[in-house]
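>
In our numbering, the protein residues as written are 6 to 73.
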């Protein structure tokens with residue numbers, strides 16, 4: 006299973022954990038799903054979104070792989 010953590014850049018707090026399960030984005034809270042939905046275009050799959058935003062940061066939140 007692949008997973009990302011959504012992290013508050015200022016505090017380092019983990020806001021959500023987002024996983025790709027059977028090609029679908031699954032998150033612990035609505036915050037992670039809302040972030041991905043805001044980046045979606047009509048023809049963008051969940052898998053493509055997940056891959057495109059791994060190691061992404063907008064200055065407020067960051068998406069990083071869950072540490073092993």
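C-beta atoms are modelled at their ideal positions from N, C-alpha and C, and glycine is treated no differently.
Taking all protein chains shown into account, decide if residue 21 is buried (16 or more other Cβ within 10 angstroms of its Cβ) or exposed.
For the purposes of this step, residue 21 is taken as the residue at position 16 of the chain shown. With 16 or more Cβ atoms within 10 Å of its Cβ, residue 21 is classed as buried.
> Excluding five sequence neighbours on each side, which residues of the same chain lie with their C-beta closer than 6 Å to the C-beta of residue 38?
Here the question's residue 38 lines up with position 33 in the chain shown. If we look at residue 38 and ignore the five residues flanking it on each side, its Cβ neighbours are 32.
> Check each candidate in 52, 59 and 66 and name the one with the smallest Cα separation from residue 27.
By one-based count along the chain shown, residue 27 stands at place 22. Taking only the C-alpha atoms, the option nearest residue 27 is 52.
> Could you compute how far the alpha carbon of residue 11 sits from the alpha carbon of residue 67?
In the chain shown, the residue the question calls residue 11 occupies position 6. In the chain shown, the residue the question calls residue 67 occupies position 62. Each residue's alpha carbon lies about 6 Å from the other.
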